[in-house]
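The structure under discussion appears below in the form of structure tokens.
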Amino acid sequence: MPTKHPRLNVVLEPPAYRSVERLAKQAGVSLSLKARDLIREALELHEDAYWAEAAHARAKTFDRHTALTHEQVWGRLKKRR
Numbered sequence: 001m002p003t004k005h006p007r008l009n010v011v012l013e014p015p016a017y018r019s020v021e022r023l024a025k026q027a028g029v030s031l032s033l034k035a036r037d038l039i040r041e042a043l044e045l046h047e048d049a050y051w052a053e054a055a056h057a058r059a060k061t062f063d064r065h066t067a068l069t070h071e072q073v074w075g076r077l078k079k080r081r
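Here you go:
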């Protein structure tokens, strides 16, 4: 039977498996649904960490004297329309 979503097989250590199983039971969802949700949350945390690092790096090079004001940026866009 074809499926819309790709599948992933994962091998877990017994303690990790039991933890996911317990969380799935508490939430009243299937093991695969809980695993999917946990993976999504982990990906979001990694993405947040990436953007925080990017913002930190950008803040180091920020120069208030050469930065454009809100009006300078958005005023230019209004004139183009």
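The numbers in the working numbering rise by one with no breaks, and the one at position 71 of the sequence shown is 71. Backbone N, C-alpha and C define an ideal beta-carbon position, used for all residues, glycine too.
Can you tell me which of G75, L8, H65 and E53 puts its alpha carbon nearest to the alpha carbon of A35? L8
Note the first and the last residue of the continuous alpha helix (DSSP H) segment covering K4. That residue, K4, is in no alpha helix (DSSP H); it is neither H nor E in DSSP.
Looking at L31: is its Cβ nearer than 7 Å to the Cβ of A42? no
Expressed to the nearest angstrom, what Euclidean distance is found between the alpha-carbon atoms of V29 and V11? 20 Å
N- and C-terminal bounds of the alpha helix (DSSP H) containing S82: No answer is possible for residue 82: the residues shown for the chain start at 1 and end at 81.
Close-in-space but distant-in-sequence residues of the same chain around V20 (CB under 8 Å, 5 per side omitted): L12, L31, K34, A35 and L38
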